[in-house]
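Q:
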Amino acid sequence: MLQPPASPAAAASPFQPRPAGPPTALQIVDRILAQGDVAARPKTVDRIVAGDPTTIVKGIATMAIASMEGLRAASEAGCNLVVAYDGPFWSETDNLERATAYPGFQAKRDFLRAHDMVVFHFRDHFRDRVPDGISVGMARALDWESRRAPGGDIDRFLLSPTTLLGLARELAEKLDDRTLRVVGDPKLPVSRVAASWGNAAQLPTIKLLNSDVDVVICGYTREWEAVEYAQDMIATGLRKGLILLGQAKSVEGGMRYCAEWLKGFVPEVPVTFFAQPEPYWTLKPMGAGKA
43 MLQPPASPAA AASPFQPRPA GPPTALQIVD RILAQGDVAA RPKTVDRIVA
93 GDPTTIVKGI ATMAIASMEG LRAASEAGCN LVVAYDGPFW SETDNLERAT
143 AYPGFQAKRD FLRAHDMVVF HFRDHFRDRV PDGISVGMAR ALDWESRRAP
193 GGDIDRFLLS PTTLLGLARE LAEKLDDRTL RVVGDPKLPV SRVAASWGNA
243 AQLPTIKLLN SDVDVVICGY TREWEAVEYA QDMIATGLRK GLILLGQAKS
293 VEGGMRYCAE WLKGFVPEVP VTFFAQPEPY WTLKPMGAGK A
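Take any residue in the sequence shown, count from 1 to its spot, add 42: that is its number in this note's numbering.
(1) How long is the line joining the alpha carbons of Asp227 and Ala76, rounded to whole angstroms?
(2) Taking C-beta to C-beta, are Asp166 and Asn122 nearer than 9 Å?
(3) Is the segment 167 to 185 close to the segment 101 to 110, with three or more CB pairs under 8 Å?
(4) Taking contact to mean at least 3 C-beta pairs separated by less than 8 Å, is the segment 146 to 160 in contact with the segment 87 to 95?
(5) Given Leu287, which residues of its chain have a CB within under 6 Å of its CB, disregarding the five upstream and five downstream residues?
(6) Closest to Lys377 by CA distance: which of Asp72, Trp186, Thr324, Pro321 is it?
(7) Leaving out five residues before and five after Thr205 in sequence, what residues of the same chain have Cβ atoms less than 8 Å from its Cβ?
(8) Which term fits Gln69, buried or exposed, when burial requires 16 or more other beta carbons within 10 angstroms of its beta carbon?
(9) Could you check if Gly129 is buried or exposed, using at least 16 other CB atoms within 10 Å of its CB as the buried criterion?
(10) Flag this pair as yes or no: are the beta carbons of Gln289 and Gly240 separated by less than 9 Å?
(11) Do you know how far the Cα of Val293 is from the Cα of Val225?
(12) Considering only DSSP beta bridges, list what Val224 is partnered with.
(13) Tell me the DSSP secondary structure of Leu200 in three-state form.
(14) Within 10 angstroms of the Cβ of Arg140, are there 16 or more other Cβ atoms? Answer buried if so, exposed if not.
(15) Give the DSSP bridge partners of Thr66, in chain order.
(16) Quick check on Val235: does DSSP put it in helix, strand or coil?
(17) With a threshold of 16 other CB atoms inside 10 Å of the CB of Tyr271, please say whether the residue is buried or exposed.
(18) For Glu267, collect the residues of the same chain with a Cβ closer than 6 Å to its Cβ; drop the 5 residues on either side in sequence, then sort them by chain order.
(19) Please report the distance separating the alpha-carbon of Phe316 from that of Ile248.
(20) Got a sec, what are the start and stop residues for the beta strand (DSSP E) Thr247 sits in?
(21) Tyr299: buried (16+ other C-beta within 10 angstroms of its C-beta) or exposed?
(22) For the beta strand (DSSP E) that Asp128 lies in, which residues bound it at each end?
(23) Figure out for me which residue from Ala191, Gly101, Val160 has the closest Cα to the Cα of Asp256.
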């Protein structure tokens, strides 16, 4: 497993010579981790989790999750280095000990090997950037860059007055999110918004719900924690909303921005962002409704 350089800031010197010839996956990963003034974490998920680090890179794909669909699309486009916010093996730490005997793991592993692909799990250092890379990209995807609330919090927004339903529709349209879920009164007036892109942990989300915002947007959270807390707030008469986008849709804007960012210091190969289909479907779009 790869760890970030001991001193990323020092490694970022523009005067360092770069190896001649096509770059390897490891060289590009080292270049990524050397960007900016982000301190190396003693413990991080950011590392190569699949493939040979010495593989010559022909193209780079960025995506929210290194899903099978995403890997296929990247390979068909000629990209053999995948930079993914979430890794390919369904685990925070990419622990494979309990998965290697299962056909789902074997199929994915064999596909990566057959197509000489390398997967770089890239989350912590991108989020440690100032400003947070995912936050920058999500604000761009929503066209909310000019709607940030006073106070300097990059994930607080002051929007034109709308309703909770209206905001949900805006998010669904702009993020191509067919299966987002909403807690709260559809007619609730909203304008003050806080976002927690990706996983929203229990206590930070509860703290946001108790702040001076009308609605909190997140990727996902445990239903019996922050979701039930929001529902209990509403049941006691407090006027709040909670919108859950799903993990991929809540970070895809950030990984689209990541592709543009990578192009600034990896000029040798093409860099492409890949959106991916949502894993869920619902009954209503299929025509099921009240009899």
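Note that CB positions come from ideal geometry on N, CA and C, so glycine has one too. Everything numeric in this text was worked out from a predicted model, so none of it was measured.
A: With the given structure in hand:
(1) As a working note, residue 227 is residue 185 in the sequence shown. As a working note, residue 76 is residue 34 in the sequence shown. Their Cα atoms are separated by approximately 46 Å.
(2) In the sequence shown, residue 166 corresponds to position 124, counting from 1. In the sequence shown, residue 122 corresponds to position 80, counting from 1. No, the Cβ-Cβ distance between Asp166 and Asn122 is not below 9 Å.
(3) no
(4) yes
(5) Within the sequence shown, numbered from 1, the residue matching residue 287 stands at position 245. Answer for Leu287: Asp219, Leu222, Gly261, listed in chain order.
(6) Outside the modelled stretch of the chain, which goes from 43 to 333, sits residue 377, for which no answer is possible.
(7) The count along the sequence shown starts at 1 and reaches residue 205 at position 163. Only Pro228, Lys229, Leu230, Pro231, Val232 meet the Cβ criterion.
(8) Start at 1 with the first residue of the sequence shown, and residue 69 comes out as number 27. It is buried - the Cβ of Gln69 has at least 16 other Cβ atoms within 10 Å.
(9) Counted from its first residue, the sequence shown places residue 129 at position 87. Answer is buried; the Cβ neighbour count reaches 16.
(10) Along the sequence shown, one-based indexing puts residue 289 at 247. Along the sequence shown, one-based indexing puts residue 240 at 198. Against a cut-off of 9 Å, the Cβ pair of Gly240 and Gln289 comes out as a contact.
(11) For the purposes of this step, residue 225 is taken as the residue at position 183 of the sequence shown. For the purposes of this step, residue 293 is taken as the residue at position 251 of the sequence shown. In a straight line, the C-alpha of Val225 is about 20 Å away from that of Val293.
(12) In the sequence shown, counting from the first residue as 1, residue 224 sits at position 182. Ile285, per the DSSP bridge assignment.
(13) Position 158 of the sequence shown, counting from 1, holds the residue named residue 200. Correct three-state label for Leu200: strand.
(14) Here residue 140 refers to the residue found at position 98 when the sequence shown is read from its first residue. With fewer than 16 other Cβ atoms within 10 Å, it is exposed.
(15) On the sequence shown, residue 66 is found 24 positions in, with the first residue counted as 1. For Thr66, which the question treats as bridged, DSSP gives the partners Ile98.
(16) Residue 235 sits at position 193 when you count from the first residue of the sequence shown. Residue state, collapsed to three classes: strand.
(17) The residue labelled residue 271 in the question sits at position 229 within the sequence shown. Answer is buried; the Cβ neighbour count reaches 16.
(18) Translated into the one-based positions of the sequence shown, residue 267 becomes position 225. Here the set comprises Gln244.
(19) One-based indexing of the sequence shown puts residue 316 at position 274. One-based indexing of the sequence shown puts residue 248 at position 206. Approximately 33 Å between the Cα atoms of the pair.
(20) Against the sequence shown, residue 247 aligns to sequence position 205. Unbroken run through Thr247 is the alpha helix (DSSP H), 244 to 251; no beta strand (DSSP E).
(21) In the sequence shown, counting from the first residue as 1, residue 299 sits at position 257. Answer is buried; the Cβ neighbour count reaches 16.
(22) The count along the sequence shown starts at 1 and reaches residue 128 at position 86. Start and end: 123 to 128.
(23) Walking along the sequence shown from the start, residue 256 turns up at place 214. The residue with the shortest Cα to Cα distance from Asp256 is Ala191.
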